[in-house]
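Contents: one structure, followed by commentary.
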Amino acid sequence: MVVTQIDRASLSPAAARARFRDGLATPTAGWSSGFTQANLIIVPREQAFDVLLFAQRNPKPCPILGVLEAGETTGPLLVGGDIRTDVGRYTVYQNGVLVDEPTDLSAWWRDDLVTFIVGCSFTFEAALQEAGIPIAHIEQGRNVPMYRTNRRCASAGSLAGPLVVSMRPIPADRVADAARITARYPAVHGAPVHIGDPATLGIHDLASPDFGDPVRVADGFVPVFWACGVTPQAAVMESRPPLAIGHAPGHMLITDARDCDYLVP
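Numbering of the sequence shown is given in our numbering, commencing with residue 173 and proceeding in unit increments.
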């Protein structure tokens, strides 16, 4: 099923989720323009408080937009949708090891699973583009590059792990604009956590991201790093809970919320 860039941008969230429910698996940057995209972390009820506390202590990478109670599969952010089928691809971890990347969670679903819907930086990309700031991974047809860093998150109960960041090359003369624009979206990671030298974050090779795809950094562009909602999955890999489920990095839940809902005047 081929979906053009124009088609992707114009699809309603419900129509986009229907495509994924039918088996389409693709990164969602540029989809359903104007509507908020989100990360997922799904855990058994027994681990849910630790995830909630981890998010509360680390609001920059883990801004919670909504929670589905144990066994719930739909809610206000995906009216008529199904959290088990409406993301293009998922990740399933057992004892911190990635064991499956299904397009449908039916085989893994349990009635004790609690879903956390976490803000995603894809939400502010339309605002950057409207300001004339290019988004490399969209223009290059790639998944956004994401990296583990040497910065540690505040631990919570059984969960501990590193901060994960996403990177977008920004023209040097527009970096201040990018920081100002994204700072107005604190519920979806907000302003950058670092600008410039990736080695400061312990990133030694931008061409080798831990998640997603590398992008070309053109002359005159500066790497800019935002906190990333894959951070809980990095904590899962390190902390090794018996079961945890996430979205495949870059394959987000497209919600019914609008980007402007999270814009601070």
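Note that CB positions come from ideal geometry on N, CA and C, so glycine has one too.
| Item | Value |
| --- | --- |
| Alpha carbon to alpha carbon, how far is ASP433 from ALA332? Give it in angstroms, no decimals. | 31 Å |
| Distance, Cα to Cα, ILE375 vs PRO216? | 33 Å |
| Only counting the same chain, and skipping five residues up and downstream in sequence, which positions put a Cβ closer than 6 Å to that of ASP276? | THR257 |
| Provide the residue(s) that pair with SER338 in DSSP beta bridges, ordered along the chain. | MET318 and TRP398 |
| Do you know how far the Cα of CYS292 is from the Cα of VAL347? | 20 Å |
| Around the C-beta of PRO414, are 16 or more other C-beta atoms found within 10 angstroms, so that it is buried, or is it exposed? | exposed |
| Please report the straight-line C-alpha distance between GLU238 and PHE288, rounded to a whole angstrom. | The sequence given here places Gly at residue 238; Glu does not occur at that position. Between GLY238 and PHE288, the C-alpha separation is close to 6 Å. |
| How far does the alpha helix (DSSP H) with ALA363 in it reach, from first residue to last? | Element bounds for ALA363: n/a, residue is neither H nor E. |
| Cβ atoms of CYS400 and VAL360: under 8 Å apart, would you say? | no |
| Quick check: the segment 236-256 against the segment 312-320, are there 3 or more CB pairs under 8 Å? | no |
| According to the Cβ coordinates, are PRO317 and GLY418 closer than 8 Å? | no |
| Return the CA-CA distance between ASP194 and PRO185, expressed in angstroms with no decimal places. | 14 Å |
| Considering Cα atoms alone, identify which of ASN322, ALA210, VAL394 and ALA303 is closest to ARG340. | VAL394 |
| Given a threshold of 16 other Cβ atoms within 10 Å of its Cβ, counted over all protein chains shown, does VAL402 qualify as buried or as exposed? | buried |
| Whole angstroms are fine: how far does the CA of GLU241 sit from the CA of LEU300? | 34 Å |
| According to DSSP, what are the bridge partners of LEU250? | None, per the DSSP bridge assignment. |
| Starting from the N-terminal side, write out each stretch of the alpha helix (DSSP H) that is 4 residues or longer and does not extend beyond the segment 181-246. | 185-193 and 217-229 |
| Given this structure, state the Cα-to-Cα distance separating MET424 from ASP345, to the nearest angstrom. | 30 Å |
| Assess, as a yes-or-no matter, whether the segment 316-330 is touched by the segment 202-222 under the definition of 3 or more beta carbon pairs within less than 8 Å. | yes |
| Just grab the DSSP bridge partners of PHE294 for me. | None; PHE294 has no bridge partner. |
| Exposed or buried, what is PRO437 when buried is set at 16 or more other beta-carbons lying within 10 Å of its beta-carbon? | exposed |
| In whole angstroms, give me the CA-to-CA distance for PRO364 and THR354. | 8 Å |
| Nearest-angstrom Cα distance between ARG412 and PRO274? | 20 Å |
| In the DSSP assignment, find the alpha helix (DSSP H) that holds ILE307 and state where it starts and stops. | Taken as a continuous stretch (DSSP letters only), ILE307 belongs to no alpha helix (DSSP H), as it is neither H nor E. |
| Suppose the cutoff is 8 Å on Cβ atoms and the five residues either side in sequence are ignored; what does the same chain contact list for TYR265 look like? | VAL271, GLN405, VAL408, MET409, PRO413, LEU415, ALA416, ILE417 and GLY418 |
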